[in-house]
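Asker: Below are the structure tokens for one structure; questions will follow.
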């Protein structure tokens, strides 16, 4: 946990609102352990555990936008 605050690479956390395995609250708690300037949390409102299947277009757009933004830096 202590090492997470020192992590300097960009992190995108993706979770489905209705996920019962990786619940959104746990994802939010993980985000709180990471530096605010490099961590991002995306909750997919219509998804359970597989947002890449349940909200395919939005999921891959989110990942592509995140990567494009980080690669330009």
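Residue numbers (this note's numbering): 2 to 74.
Glycine included, C-beta positions come from ideal geometry on N, C-alpha and C.
Computed from a predicted model, the values in this text were never measured in an experiment.
(1) Measure the C-alpha to C-alpha separation of residue 37 and residue 58 and round it to an integer number of angstroms.
(2) In three-state terms, what does DSSP make of residue 10?
(3) Suppose you measure from the CA of residue 69 to the CA of residue 62; what does that come to, to the nearest Å?
(4) Between which two residues does the alpha helix (DSSP H) containing residue 28 stretch?
(5) Quick one: using the 10 Å Cβ neighbour count with 16 as the cut-off for buried, is residue 35 buried or exposed?
(6) So what does DSSP say about residue 54, is it helix, strand or coil?
Answerer: Per the coordinate set shown:
(1) Spanning the two alpha carbons is a distance of roughly 26 Å.
(2) Coil.
(3) Rounded to whole angstroms, the separation of the alpha carbons of residue 62 and residue 69 is 10 Å.
(4) Unbroken alpha helix (DSSP H) run through residue 28: 25–34.
(5) A residue is called buried once 16 or more other Cβ atoms fall within 10 Å of its Cβ, and residue 35 is buried on that count.
(6) Reduced to three states, the DSSP call for residue 54 is helix.
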